[in-house]
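**Q** Going left to right, the sequence shown walks through residues 3 to 252 as my numbering numbers them.
We put the beta carbon where it would ideally sit given N, CA and C, even for glycine.
Keep in mind the model is a prediction, meaning the values are calculated, not measured.
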Amino acid sequence: MTEIVLITGSGIGIGRATALAFGKSGAHVVVTDVLEDAGHAVVAEIVAAGGSAEFHRLDVRSTEGADAVVAAVEAKHGRIDTIIANAGIAHRVPLPELTDEKWDYTFDIDLKGIYRVVRPALAGMKARKSGSVVALSSIMGIAYGWDEHVHYSAAKAGVVGLVRGLAVELAREGIRVNGVAPGYIRTAQLLSKEHSLGPDADKAGEFIPMGRIGEPEDIADVILFLASNGARYMTGQVVVVDGGLLVGRY
Ligand SMILES: NC(=O)c1ccc[n+]([C@@H]2O[C@H](COP(=O)([O-])OP(=O)(O)OC[C@H]3O[C@@H](n4cnc5c(N)ncnc54)[C@H](O)[C@@H]3O)[C@@H](O)[C@H]2O)c1
């Protein structure tokens, strides 16, 4: 039976690479994003490579939107096997400017946005006693504090708790929940001068033991593994994928 996988924020970056990897693996990929053109382009790329995919606009800040997209996919395909909760933002906000609104905006996408998309899919997964969820955390949430990104670090640390809680509550229902905590990965987010390292991001390779920043595909392949039957006895784990950064001696 073809695996049905829904990926949030999969028009660009890590989400896009993950969508392409699932497409190659033979899954039917439900590409979702607020970026409609980019999302349609990913679908076209998957189909051109011989895979199967469709696009739905989904803003993970919307409960109605998440409920509707999950319902539409289940109505069309009968089920959702896998959810990759990837959508995220990392806005630079120094503490004096960190208002309730800015805090809530990041939490709404990076943390609650994960639960919003998982929640409506649980009934179907429970009925089939089968399902897999992979959520995106960050090394900034599990090990590093990130100055001027306190809300981001807090939300990404929250992802670890969310993954653990969901994993335990859902384990007996046959549903596994894991996470990935990327290090520095070459995406629009990392290359943004305003919000992250900027165009000089490659310099970070000097202090990463493996000597380079990561590529989106480096994360996509680990997500694919965690979602697969190869990880059938893993749940509640957040796997660091950082080229050795956190264990380096600097
Ligand atoms: N790039 C890195 O170095 C890095 C490191 C650690 C964690 N991450 C995490 O990986 C995930 C992907 O990041 P990326 O680097 O590919 O970033 P990116 O900016 O390239 O892509 C983020 C994606 O999320 C989407 N998105 C943003 N707000 C959304 C919303 N409200 N609803 C739906 N989609 C929305 C964007 O449209 C985009 O497609 C994020 O959760 C990010 O925090 C990235």
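Evaluate contact between the region 129 to 139 and the region 24 to 39, counting only Cβ atoms and requiring at least three cross-stretch pairs below 8 Å.
**A** Taking 8 Å as the limit for Cβ pairs, the verdict is that the region 24 to 39 does not touch the region 129 to 139.
**Q** Given a cut-off of 8 Å, decide if ASN88 and ILE141 are closer than it, judged by their beta-carbon atoms.
**A** Contact flag unset, no.
**Q** Could you check the C-alpha separation between ARG178 and PHE209 for me, to the nearest Å?
**A** Their Cα atoms are separated by approximately 34 Å.
**Q** Is the number of C-beta pairs between the region 41 to 59 and the region 95 to 104 that are closer than 8 Å three or more?
**A** Not touching, per the Cβ criterion.
**Q** Taking the continuous alpha helix (DSSP H) assigned at GLY67, which residues delimit it?
**A** Note, GLY67: alpha helix (DSSP H), 65 to 79.
**Q** Which of helix, strand or coil does DSSP assign to GLY133?
**A** If DSSP states are grouped into helix, strand and coil, GLY133 belongs with the strands.
**Q** Only counting the same chain, and skipping five residues up and downstream in sequence, which positions put a Cβ closer than 7 Å to that of SER155?
**A** Hits under 7 Å: MET142, GLY143, GLY147, TRP148.
**Q** Can you tell me whether MET3 is buried or exposed, with buried defined as 16 or more other CB within 10 angstroms of its CB?
**A** Exposed.
**Q** The beta strand (DSSP E) spanning VAL1 covers which residue range?
**A** This structure does not reach residue 1, given that the chain is present from 3 up to 252, and the question cannot be answered.
**Q** Nearest CA to the CA of TYR235: which residue from GLN191, LEU193, ASN180, GLY80?
**A** Checked all of GLN191, LEU193, ASN180, GLY80; the closest Cα to TYR235 is ASN180.
**Q** Please confirm whether ALA169 and THR20 have their CB atoms less than 8 Å apart.
**A** Taking 8 Å as the Cβ cut-off, ALA169 and THR20 do not qualify as a contacting pair.
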